[in-house]
Amino acid sequence: MPRGACDRYTGSAGFAGSMLTLAIVAQRTERTRAGKTLDRVLSKAGVGSRTEARLWIAERRVEVNGRVVADPERWIDPERDKVAFDGKPLRAVRKIYLLVHKPKGYLTTYRDPQGRKTVYDLLPQRDRYLFPVGRLDLDTSGLLVMTNDSAFAEALTNPESEVPKTYLVKASKHLTDEQLQQLRTGVTLKDGPTRPALVTRLRDSGGRSAFEITITEGRNRQVRRMVEAQGAKVLKLVRVAIGGLGIGDLPVGATRPLLAEEVRRLVSSGRRPSRST
Ligand code: URA
46 MPRGACDRYT GSAGFAGSML TLAIVAQRTE RTRAGKTLDR VLSKAGVGSR TEARLWIAER
106 RVEVNGRVVA DPERWIDPER DKVAFDGKPL RAVRKIYLLV HKPKGYLTTY RDPQGRKTVY
166 DLLPQRDRYL FPVGRLDLDT SGLLVMTNDS AFAEALTNPE SEVPKTYLVK ASKHLTDEQL
226 QQLRTGVTLK DGPTRPALVT RLRDSGGRSA FEITITEGRN RQVRRMVEAQ GAKVLKLVRV
286 AIGGLGIGDL PVGATRPLLA EEVRRLVSSG RRPSRST
């Protein structure tokens, strides 16, 4: 990995990282029989971007089964091939898991052609090999996890995992009990009916309703669209939890490494954690 790249993250997720790495190796065995090109294997392992990986391969810093390979398109069989970077086996690459308290007005993309702020501006370094686990809209704030562990991200975002995500919502109108019940049982959106959700009314004031909703899907603008289907707009949307992990008292705009226990808890919050990790 880039020298010192992970030293910036002093969380204690290293143990979880290595456990996950082992699990990921097993998962790859099951799910990626077809393999990947060498540059992709390096970038998927969180070493760096594909462009960087191609550079390092050209610099002859990458070995496959003990021999230098200078071809980034070399097909790698994850079941058999042992890839090393700067002499270190790839599976030793440290996984990074960051909790980010995304403020409103930040994009979850790496770069914005219009020059708007992105969550990468919040990171200790603008590490583009970290990526967000799922997205939050520009105007949504709250809990965002960023990682270089693609299997972990996949385990959390795969719709079949049904990982619960909890949001605080302020609607532009008073929502009746029937409307909240509708959110619970399911709303028909243009991409199909939503799964059952947990909804708790928090307060009504000034002709507006505030409630908490937990959904197990992650469709584009899902909560906003569910509320719009009730004839109201979302004035404020904050993600406060994913699975058993809450945003806690992390200040808006701050980041912190996840603890090993938190990584484990997140992974096991899905319906089918054992297949996903
Ligand atoms: N639902 C939304 O509508 N927006 C988000 O950012 C997250 C969930």
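Numbering (the numbering used here), first residue to last: 46 to 322.
The C-beta atom is built at its ideal place from N, Cα and C for all residues, glycine as well.
Since the structure is predicted, the reported quantities are computational estimates derived from the model, not experimental observations.
I'd like the list of long-range same chain contacts for K218, defined as Cβ closer than 6 Å, with 5 residues on each side in sequence excluded.
Cβ neighbours of K218 beyond the five flanking positions: A277.
May I ask you to report which of helix, strand or coil DSSP gives M271?
Of the three classes helix, strand and coil, the one that applies to M271 here is helix, per DSSP.
Check for me: the beta strand (DSSP E) holding E108 runs from which residue to which?
Annotation: the continuous beta strand (DSSP E) that includes E108 extends over 107-109.
Check whether the segment 115-123 and the segment 264-283 touch, using three or more Cβ-Cβ pairs below 8 Å as the test.
Touching, no, given that fewer than three Cβ pairs across the two stretches are closer than 8 Å.
So who's on the other strand from S88, going by DSSP bridges?
Looking at the DSSP output, S88 shares a beta bridge with no other residue.
V113 CB to nearest heavy atom of the ligand URA below 7 Å:
Because no heavy atom of the ligand URA lies under 7 Å away, the Cβ of V113 does not count as near it: no.
Range of the contiguous alpha helix (DSSP H) that encloses I102:
Segment 95-103, the alpha helix (DSSP H) holding I102.
Return yes when the Cβ of G179 is within less than 8 Å of the Cβ of G315, no when it is not.
In this structure, G315 lies away from G179, with their beta-carbon atoms at least 8 Å apart.
I need the residues with a C-beta less than 5 Å from some heavy atom of the ligand URA; please give them in chain order.
Qualifying residues, in the order they occur: L181, D182, T185, R266, Q267, V268, R269.
Would you give the residue range spanned by the alpha helix (DSSP H) that E307 belongs to?
Here the alpha helix (DSSP H) through E307 covers 305-312.
With DSSP run on the structure shown, which of helix, strand or coil describes R239?
The question names Arg, yet the displayed sequence has Thr at residue 239. Three-state result, T239: coil.
Beta carbon of H146, beta carbon of I292: below 8 Å?
Between H146 and I292, the gap from beta carbon to beta carbon is short of 8 Å.
Determine which residues share a DSSP beta bridge with S254 and list them.
The partner list for S254 (beta bridge, DSSP) reads D249.
Where does L290 fall in DSSP's three states?
It is a strand residue.
Contact under 8 Å by Cβ, F197 with L225:
In this structure, the beta-carbon distance from F197 to L225 does not fall below 8 Å.
Just to confirm my understanding: we take R248, look at its own chain, exclude 5 residues before and 5 after, and list those with CB closer than 6 Å. What are they?
Only A255 meet the Cβ criterion.
With distances taken between CB atoms, is the gap from V279 to L213 smaller than 8 Å?
V279 places its beta carbon 8 Å or farther from that of L213.
Option in G187, E205, K215, E124 with minimal Cα separation from L295
Ranking G187, E205, K215, E124 by Cα distance to L295 puts G187 first.
Would you check if the distance between the CB atom of E207 and the CB atom of T261 is smaller than 8 Å?
In contact: E207 and T261 (Cβ atoms closer than 8 Å).
Going by C-alpha to C-alpha distance, which of G132, Y151, G298, Q170 sits closest to T163?
The shortest Cα separation from T163 among G132, Y151, G298, Q170 belongs to Y151.
According to DSSP, is R316 helix, strand or coil?
Three-state result, R316: coil.
Using DSSP with H/G/I as helix, E/B as strand and the rest coil, what is R112?
The DSSP-derived three-state label of R112 is strand.
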